[in-house]
Amino acid sequence: MDEDAASSKPSRAEAFSAYSYAVLLIGLGVIASLALQHLLGDGVVFLLFVPSLLVASARGGLWPGLAATVLGVVAGSILVLSADRFVLGNVVNEMLFAGLGVAVAIGGERLREGRRRADAMAQQIGEREAYLQSILSTVPDAMVVIDEHGIVQSFSAAAEKLFGWSVSEVAGQNVSILMPSPYREAHDGYLRHYAMTGERRMIGLRRMELAQRKDGSTFVMELSVGEMAWGGHRYFTGFVKDLTDRQESERRVQFLQSELAHVSRFSAMGEMAAALAHELNQPLSAISNYLRGAQRLLDAQNPGSEAIGAIGRAAEQALRAGQIIRRLRNFVSREETEKRVESLARLLDEVFALALIGAKERGVQVHIDRDPAADVVLVDKVQIQQVVFNLVRNALEAMDGCDRRELVIRVVRAPCDMAEVSIEDTGSGIDPDIMERLFQPLVTTKGSQGMGVGLSICRTIVEAHGGRIWPGTNPRGGATFSFTVPLAREDEVA
Numbered sequence: 156m157d158e159d160a161a162s163s164k165p166s167r168a169e170a171f172s173a174y175s176y177a178v179l180l181i182g183l184g185v186i187a188s189l190a191l192q193h194l195l196g197d198g199v200v201f202l203l204f205v206p207s208l209l210v211a212s213a214r215g216g217l218w219p220g221l222a223a224t225v226l227g228v229v230a231g232s233i234l235v236l237s238a239d240r241f242v243l244g245n246v247v248n249e250m251l252f253a254g255l256g257v258a259v260a261i262g263g264e265r266l267r268e269g270r271r272r273a274d275a276m277a278q279q280i281g282e283r284e285a286y287l288q289s290i291l292s293t294v295p296d297a298m299v300v301i302d303e304h305g306i307v308q309s310f311s312a313a314a315e316k317l318f319g320w321s322v323s324e325v326a327g328q329n330v331s332i333l334m335p336s337p338y339r340e341a342h343d344g345y346l347r348h349y350a351m352t353g354e355r356r357m358i359g360l361r362r363m364e365l366a367q368r369k370d371g372s373t374f375v376m377e378l379s380v381g382e383m384a385w386g387g388h389r390y391f392t393g394f395v396k397d398l399t400d401r402q403e404s405e406r407r408v409q410f411l412q413s414e415l416a417h418v419s420r421f422s423a424m425g426e427m428a429a430a431l432a433h434e435l436n437q438p439l440s441a442i443s444n445y446l447r448g449a450q451r452l453l454d455a456q457n458p459g460s461e462a463i464g465a466i467g468r469a470a471e472q473a474l475r476a477g478q479i480i481r482r483l484r485n486f487v488s489r490e491e492t493e494k495r496v497e498s499l500a501r502l503l504d505e506v507f508a509l510a511l512i513g514a515k516e517r518g519v520q521v522h523i524d525r526d527p528a529a530d531v532v533l534v535d536k537v538q539i540q541q542v543v544f545n546l547v548r549n550a551l552e553a554m555d556g557c558d559r560r561e562l563v564i565r566v567v568r569a570p571c572d573m574a575e576v577s578i579e580d581t582g583s584g585i586d587p588d589i590m591e592r593l594f595q596p597l598v599t600t601k602g603s604q605g606m607g608v609g610l611s612i613c614r615t616i617v618e619a620h621g622g623r624i625w626p627g628t629n630p631r632g633g634a635t636f637s638f639t640v641p642l643a644r645e646d647e648v649a
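Residue numbers (the numbering used here): 156 to 649.
Below is the structure:
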């Protein structure tokens with residue numbers, strides 16, 4: 156026996172219930188027949204057993220219905236014979252009852268089978284709906300189903316999370332509430348155009364569109380639309396993917412590519428600086444030698460001349476420039492710095508002699524404030540002088556065109572055994588937009604005239620010494636640049 160035949164049989168409980176009802180109702184029919192026989196006659200005997208046929212057939216199908224028919228025929232025959240009024244009409248009634256019982260039993264079986272199939276179909280539909288719902292609940296893309304008028308029919312859990320609307324809020328609403336203007340006002344026109352012309356503009360395609368959340372914020376989405384016809388109506392299913400993360404990733408990749416290009420140019424510039432340092436060392440040495448020779452010639456011809464002192468100072472600056480270039484070459488080549496115990500006051504005096512050239516002519520008032528407790532430091536002299544030179548020259552240039560021109564240089568003792576050097580100017584100040592990026596390569600405050608590498612090199616030098624450098628705002632107007640270098644320990648001084 157196959158599975159369908161087995162499933163068509165009633166269960167034991169159903170069969171027992173059907174047979175019990177058949178026996179009970181036949182018994183009640185017998186009692187009613189005995190009670191009403193004198194009033195209604197023998198013609199109603201079999202009529203009283205019809206409810207038994209209907210109930211047994213409806214509850215149990217074919218066999219309980221046939222059982223109720225047999226019981227009804229037997230009981231009716233006994234009642235008729237017991238009354239000793241056996242006539243042809245009773246025989247006809249008995250045959251009609253038997254035929255009716257068979258017909259009702261067959262009908263009950265078909266009714267039960269139809270009910271069973273309906274229940275099985277309903278169960279399958281329920282299982283499929285649950286299965287489909289579980290899929291829709293786990294699909295990462297948002298799903299929105301609308302009818303041909305643009306009314307929302309279905310709204311997935313991912314759509315609730317993406318748009319911020321709940322199912323109860325959007326059900327029965329026009330899907331245009333998920334769109335910003337002017338797309339919102341034009342959407343229904345697209346539907347009418349498609350209904351009239353059948354021209355597909357979005358169905359079956361993937362397009363990037365602008366969507367709007369419940370809070371009014373917008374985002375770029377990837378929309379795929381499918382069409383379905385059911386019961387003479389059209390339905391459109393849209394799958395929505397949020398492209399915000401993808402766009403952010405693309406912007407991040409572009410930013411990293413730009414930074415990589417900056418680093419590449421900065422690296423190329425470092426290689427060029429190393430080559431230039433090597434090439435410039437020779438002419439600077441030659442200049443120094445010629446100046447020394449000229450100094451000796453002038454001293455032999457005119458001792459005590461002021462030109463001899465000027466030539467001597469020029470020769471010293473040429474040697475110093477050669478030292479700076481040599482250290483710059485070592486710095487670019489990532490060689491170890493040469494740190495020694497130095498006097499910060501003497502170091503600054505030497506660099507001020509060069510960095511403050513032209514300050515008086517510019518009308519700049521210079522104030523220097525030193526703390527004797529922050530004098531002995533452990534630094535690479537030439538590199539720190541280069542940092543101070545860059546900061547002082549930047550400060551002088553920042554005050555060009557300003558009514559108030561004051562340059563204040565302070566040296567104080569800082570925590571953690573550090574010496575802090577500050578250069579304050581009364582210039583135009585620093586744009587807040589570039590304050591945080593000021594020490595990055597190729598970032599400059601000088602417009603097209605600046606290369607954007609000076610402050611970056613300064614930061615690298617200071618951090619290589621174990622200190623830090625930072626910008627600030629001068630309360631009197633202008634900018635402040637401060638950096639720290641380590642103080643020398645007693646054992647290092649000894």
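C-beta: ideal position from N, C-alpha, C; glycine also.
{"Item": "Go ahead and pull the three-state DSSP assignment for residue 385.", "Value": "strand"}
{"Item": "Tell me the rounded alpha-carbon separation between residue 604 and residue 570.", "Value": "Summary for residue 604: the model assigns pLDDT 46, below 50, so the residue's position carries little reliability, and this model does not support an answer."}
{"Item": "Mark residue 267 as exposed unless 16 or more other C-beta atoms lie within 10 angstroms of its C-beta, in which case mark it buried.", "Value": "buried"}
{"Item": "Within a Cβ cutoff of 7 Å, which residues of the same chain sit near residue 544, ignoring the five residues on either side of it in sequence?", "Value": "506, 509 and 510"}
{"Item": "Identify the continuous beta strand (DSSP E) that holds residue 309 and give its terminal residues.", "Value": "307 to 310"}
{"Item": "When the distance is taken between beta carbons, is residue 639 closer than 8 Å to residue 550?", "Value": "no"}
{"Item": "Given a cut-off of 8 Å, decide if residue 529 and residue 566 are closer than it, judged by their beta-carbon atoms.", "Value": "yes"}
{"Item": "Quick one: complete alpha helix (DSSP H) runs, 4+ long, within the segment 602 to 648?", "Value": "609 to 619 and 645 to 648"}
{"Item": "Please check the pair residue 208 and residue 255, which I expect to be a contact at CB under 8 Å, by giving their CB distance rounded to whole angstroms.", "Value": "7 Å"}
{"Item": "Would you kindly work out how many angstroms separate the C-alpha atoms of residue 672 and residue 438, rounded to a whole number?", "Value": "For residue 672 there is no data in the structure shown, the boundaries of the chain being 156 and 649."}
{"Item": "Cα separation between residue 181 and residue 213?", "Value": "15 Å"}
{"Item": "Considering only residues of the same chain and omitting the five flanking positions on each side of residue 447, which have a CB-CB separation below 6 Å?", "Value": "470"}
{"Item": "Going by the DSSP bridge assignment, what does residue 524 pair with across the sheet?", "Value": "565"}
{"Item": "I'd like the span of the alpha helix (DSSP H) that includes residue 323, first residue to last.", "Value": "322 to 325"}
{"Item": "So for residue 224, helix, strand or coil by DSSP?", "Value": "helix"}
{"Item": "Which same chain residues, not among the five before or five after residue 500, have their C-beta less than 7 Å away from its C-beta?", "Value": "525 and 530"}
{"Item": "Are the beta-carbon atoms belonging to residue 633 and residue 556 less than 8 Å from one another?", "Value": "no"}
{"Item": "Round the Cβ separation of residue 561 and residue 520 to the nearest angstrom and send it over; I've been treating them as touching at under 8 Å.", "Value": "5 Å"}
{"Item": "Taking the alpha helix (DSSP H) that residue 652 falls in, what are its first and last residues?", "Value": "Nothing about residue 652 can be reported from this structure: the residues present for the chain run from 156 to 649 only."}
{"Item": "Using only the alpha-carbon positions, how far apart do residue 377 and residue 635 sit?", "Value": "50 Å"}
{"Item": "Which one of 627, 535 and 406 has the shortest CA to CA distance from residue 615?", "Value": "535"}
{"Item": "When DSSP labels each residue in this structure, what does residue 369 get in the three-state scheme?", "Value": "coil"}
{"Item": "Put residue 489 into one of helix, strand or coil per three-state DSSP.", "Value": "Legend: pLDDT at residue 489 = 47, less than 50; position of this residue unreliable, no value from coordinates given."}
{"Item": "Looking at the unbroken beta strand (DSSP E) that takes in residue 578, where does it start and where does it end?", "Value": "573 to 579"}
{"Item": "Report, in whole angstroms, the separation of the C-beta atoms of residue 252 and residue 225, which I expect to be a contact under 8 Å.", "Value": "Not quite, the Cβ-Cβ distance comes to about 11 Å (not below 8 Å), so this is no contact."}
{"Item": "Start and end of the alpha helix (DSSP H) containing residue 504?", "Value": "499 to 510"}
{"Item": "When burial is assigned at 16 or more other CB atoms within 10 Å of the CB, is residue 489 buried or exposed?", "Value": "Below a pLDDT of 50, predicted positions are generally treated as unreliable, and residue 489, at 47, falls in that range; no measurement from the model is reported."}
{"Item": "Below 8 Å, how does it come out for the segment 306 to 326 and the segment 342 to 359: are there three or more Cβ pairs, yes or no?", "Value": "no"}
{"Item": "With distances taken between CB atoms, is the gap from residue 375 to residue 363 smaller than 8 Å?", "Value": "yes"}
{"Item": "Can you list, in chain order, the residues of its chain with a C-beta nearer than 7 Å to that of residue 133? Leave out the 5 residues immediately preceding and following it.", "Value": "Residue 133 is absent from the structure shown; the chain starts at 156 and stops at 649."}
{"Item": "Any idea what DSSP makes of residue 442, helix, strand or coil?", "Value": "helix"}
{"Item": "Where does residue 161 fall in DSSP's three states?", "Value": "Residue placement at residue 161 cannot be trusted, given a pLDDT of 47 that sits under 50; the coordinates are not used to answer."}
{"Item": "Can you list, in chain order, the residues of its chain with a C-beta nearer than 7 Å to that of residue 502? Leave out the 5 residues immediately preceding and following it.", "Value": "536, 539 and 540"}
{"Item": "Figure out for me which residue from 365, 385 and 518 has the closest Cα to the Cα of residue 396.", "Value": "365"}
{"Item": "Per DSSP, what kind of secondary structure is residue 560 in: helix, strand or coil?", "Value": "coil"}
{"Item": "Check whether the Cβ atoms of residue 335 and residue 373 sit closer than 8 Å, and answer yes or no.", "Value": "yes"}
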